[in-house]
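**Q**
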Amino acid sequence: MNDKSFAEVAMEMGGKSLEESKSIGKIDSADDQVERLFKDKHKTNNSPAYRAVWDKKFPTSEFFDNFAVDNTHRCTLLNCLDTVSRHRDHGTLYENGKLSEALISDLAQCGYFGLLVPLPDKPQIAFSEFAPFLSEMAAIEPSVAGLASVHGCIGSVDPIKTFGSKEQKEKWLPMLASGERLSAFALTEPGAGSDMTALKTHAHLDGEDYVLDGRKLFITNATYGRLVSVVCLVDDAPQILLVDLPPTDTDTFQIETYGLHALKKLHNNALVFKNHRVPKENLIRLDKGNGLTVAYHGLNLGRVSLCANASGCMKAMLASILPWGCYRATYGQEIRNRELVQNRIGTLAAYILSCDALVSWCSTLIDEGYRGELECIVAKNFGSECQKEAAIDLCMKTHGGRSFLAGHFIGDNIHEFLAPLIYEGEGDMLNMAFFKSLVKDHGTQYFEPVGKAMAKLGKKRMSPLDMARNYKCLVPYAKWLVQDSLSPRDRGCVEFDTSDRKLAKSLQSHADFAMRNLQALSSEISSTMRKHQLRLADRQCKISMLSKRVQNLITMLATIGYAYGTYRHSPTTLELTDVSCELLRNKITGRHPTDAQIKKISSVGKRISSGPFSDLDLSSIMMRY
């Protein structure tokens with residue numbers, strides 16, 4: 111029985127080293143194991159994004175009917191928001207440059223750290239309620255939102271509640287919910303990041319303890335007295351060891367600090383273990399899978415949270431631009447009346463809308479039992495790229511030289527706004543991961559038999575004679591190719607009933623464009639695989655570009671579905687949906703904005719800039735300057 115993944119087989123046949131091929135195989139195996147542990151709906155090939163590309167029948171309802179609005183715990187969430195606002199107003203958010211212990215204690219009293227922790231007397235809140243809430247929190251203070259995201263999504267909460275034993279849940283979940291223990295996830299090492307198979311940290315069983323040795327780097331939320339899920343090698347396989355960090359450095363454990371431009375208000379440290387003993391009952395044991403399986407499960411939650419955080423940060427940027435646009439005048443004219451500034455405001459608002467749409471859509475899919483691997487990559491990549499553009503091209507340029515002053519919202523936080531491009535997977539690396547998951551089934555079914563035949567011949571490409579002699583391996587793909595070219599595409603049926611006929615026509619056009627192009631991509635993706643064959647793994651730029659097209663089309667549909675399903679009576683929201691879709695269409699087609707598009711974006715920006723903003727704090731924008 112061949113238990114190698116399609117990617118591993120393809121790389122071996124493509125001439126890659128055994129080490130590189132096996133490393134890819136380990137990652138794919140962990141990825142596959144996540145899917146086997148849960149119901150069929152959890153599998154990637156059942157996800158909306160996958161089916162939108164490969165299925166003949168377009169999954170319309172999965173894009174337009176998956177936006178839950180849950181306010182069950184709204185009072186608790188508002189209390190958390192009010193607590194952070196109060197500390198901000200009183201100047202007690204920070205202590206020695208980090209989030210203050212007083213703030214953390216008050217948030218713990220509000221139940222902030224237990225939002226995603228299931229307890230016998232208190233179920234966790236739905237992720238579709240938690241994720242949009244993070245956006246609200248990030249608009250007040252992104253670091254507080256990041257704290258909850260790390261703790262609840264990728265820290266120790268998800269590994270324990272999803273994979274932990276009954277005893278581990280009973281011991282740790284109450285402490286994690288109360289804030290007695292805050293948590294982190296330790297995967298990255300000096301030589302292991304994107305390549306999760308390059309781990310060196312290891313543990314061996316000695317009596318009643320595991321003895322842990324190794325170094326972890328860039329671990330957010332890791333400081334003394336916290337619970338860290340450490341990914342380490344146990345019997346040469348990556349596993350998760352729950353490490354309750356001591357209150358101080360010891361002979362066997364040290365925290366190393368370093369200068370880091372991002373995450374300045376959170377603890378981000380290196381952890382050094384030297385013969386550090388951990389009780390053997392702290393190992394998360396899986397019947398199937400290993401530590402990478404656990405890591406893959408929690409990453410999707412973290413990626414959606416990053417998109418939510420991006421939305422909140424961009425809302426804060428918009429809140430900084432609006433009063434500045436009234437205060438700042440050039441040649442006797444407030445800059446909010448300048449087309450350029452209006453265009454920036456309209457663009458920024460459109461980005462916020464699409465991020466909110468992806469957060470709502472992805473979190474709802476997860477609540478409904480989908481894994482959301484492809485969809486959450488879309489959210490993470492879109493949110494981080496928009497946040498980068500918003501910070502530099504929209505907000506910084508509007509504030510001008512003041513944005514470089516110490517104490518300015520942009521200047522002080524620019525690294526915070528750029529760092530998500532790297533967190534939870536660098537963007538282009540995620541694009542390739544997206545592509546790999548998207549083509550895995552297609553490749554295994556149709557291209558792997560051909561690749562094996564080529565490998566047997568010792569050739570990178572078949573000649574016509576070779577094809578004639580090995581025609582049997584080509585028959586299944588030939589049948590698919592014929593069926594794909596002859597079968598009509600079902601784009602579903604989406605009709606937008608609104609009093610604004612012009613807008614309804616525009617949204618219909620965008621939806622049809624996205625549906626049509628998503629299903630057409632199955633042929634293009636397959637053609638790319640056919641063209642490059644065993645050399646496909648080396649065409650990273652091509653893979654990344656194809657992934658971006660798919661992701662932008664998915665974002666278009668999610669934005670339309672969210673806006674129309676939730677805000678269909680808001681003309682401004684629907685106009686921003688139109689703007690967002692046109693911006694995305696330009697990226698997909700490579701076109702420059704038309705004059706009509708520029709006027710449309712600026713018109714929406716003008717209305718937003720003319721609205722009330724009396725609740726915004728002008729002093730926070732102007733500082734003492």
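Converting from the sequence shown to my numbering requires adding 110 to each position, the first position being numbered 1.
Positions of the beta carbon are idealized from the N, C-alpha and C atoms, including for glycine.
Given the structure is predicted, the values throughout are model-derived calculations rather than measurements.
Which same chain residues, not among the five before or five after L628, have their C-beta less than 6 angstroms away from its C-beta?
**A** Same-chain partners within the cutoff: A162, V163 and L663.
**Q** Rounded to whole angstroms, what's the CA-CA distance from P598 to K166? Just pull it up for me.
**A** Cα to Cα, the separation comes out at about 7 angstroms.
**Q** Within 10 Å of its beta-carbon, does Q593 have 16 or more other beta-carbons around it, so buried, or fewer, so exposed?
**A** So Q593 ends up on the exposed side.
**Q** Is DSSP giving S72 helix, strand or coil here?
**A** No statement about residue 72 is possible, as the shown extent of the chain runs from 111 to 735 and does not include it.
**Q** To the nearest angstrom, how far is the alpha carbon of N379 from that of K326?
**A** Looking at the two C-alpha atoms, the distance is approximately 8 angstroms.
**Q** Tell me the residue span of the alpha helix (DSSP H) that contains R454.
**A** Here the alpha helix (DSSP H) through R454 covers E449 to D477.
**Q** Taking only three categories from DSSP, how would you classify C603?
**A** Reduced to three states, the DSSP call for C603 is coil.
**Q** Let me know the secondary structure DSSP gives K615 once reduced to three states.
**A** Residue state, collapsed to three classes: helix.
**Q** CB-CB under 6 angstroms to F237, same chain, minus the five flanking residues each way: which ones, in chain order?
**A** These residues qualify, in order along the chain: S473, I476 and D477.
**Q** Quick one: which unbroken alpha helix (DSSP H) runs of 4-plus residues sit fully inside the segment 326–388? Chain order, please.
**A** Runs found: none.
**Q** Suppose you measure from the CA of P356 to the CA of N155; what does that come to, to the nearest Å?
**A** If you take the alpha carbons of P356 and N155, they lie about 44 angstroms apart.
**Q** Taking buried to mean at least 16 other C-beta atoms within 10 Å of its own C-beta, is I169 buried or exposed?
**A** The displayed chain sequence assigns Pro, not Ile, to residue 169. Looking at its Cβ environment, which holds 16 or more other Cβ atoms inside 10 Å, P169 is buried.
**Q** Quick check: L694 and F173, are their CB atoms within less than 7 angstroms of each other?
**A** Not closer than 7 angstroms, so no.
**Q** Tell me I394's beta-bridge partners as DSSP assigns them.
**A** Its beta-bridge partners are I350.
**Q** According to DSSP, which residues form a beta bridge with Q443?
**A** Bridge partners of Q443: T440.
**Q** Could you check whether K153 and F145 sit closer than 7 angstroms to each other, using their CB atoms as the reference points?
**A** Looking at the sequence shown, residue 145 is not Phe but Glu. Cβ atoms of E145 and K153: closer than 7 angstroms.
**Q** What first and last residue would you give for the alpha helix (DSSP H) that runs through S195?
**A** Per DSSP, S195 belongs to the alpha helix (DSSP H) from R184 to H200.
**Q** Residues in the same chain with beta-carbon distance under 7 angstroms from I270, minus the five sequence neighbours each way, listed in chain order, please.
**A** Cβ within range, chain order: Q278, K279, W282 and L283.
**Q** Within a Cβ cutoff of 6 angstroms, which residues of the same chain sit near S245, ignoring the five residues on either side of it in sequence?
**A** Excluding sequence neighbours, S245 sits near A418, S421 and G422.
**Q** Looking only at C-alpha atoms, which of I350, H371 and A426 sits nearest to T272?
**A** Out of I350, H371 and A426, I350 has the C-alpha closest to the C-alpha of T272.
**Q** Counting only runs that start and end within the segment 511–573, where is the alpha helix (DSSP H) found for 4 or more residues in a row?
**A** Fully enclosed alpha helix (DSSP H) runs of 4 or longer: 519–528, 537–552 and 558–567.
**Q** Of the choices A212, E205 and T182, whose alpha-carbon is the least far from that of K232?
**A** Among A212, E205 and T182, the Cα nearest to that of K232 belongs to T182.
**Q** Between which two residues does the beta strand (DSSP E) holding E315 run?
**A** Note that residue 315 is Leu in the sequence shown, not Glu. Segment H312 to D316, the beta strand (DSSP E) holding L315.
**Q** Along the chain, which unbroken stretches of the alpha helix (DSSP H) at least 4 residues long are found entirely within the segment 228–299?
**A** Qualifying alpha helix (DSSP H) stretches, in chain order: 237–250, 252–259, 267–273 and 276–288.
**Q** If you drop the 5 nearest sequence neighbours on each side, which residues of the same chain put their C-beta closer than 6 angstroms to that of H197?
**A** Taken in chain order, the residues that qualify are L203 and L213.
**Q** Can you give me the start and stop residues for the alpha helix (DSSP H) that I653 sits inside?
**A** Note, I653: alpha helix (DSSP H), Q650 to Y677.
**Q** According to the neighbour-count rule (16 or more other Cβ atoms, all chains shown, within 10 Å of its Cβ), is E366 buried or exposed?
**A** So E366 ends up on the exposed side.
**Q** Taking the alpha-carbon positions, what's the A578 to T638 distance?
**A** Taking the straight line from one Cα to the other gives about 22 angstroms.
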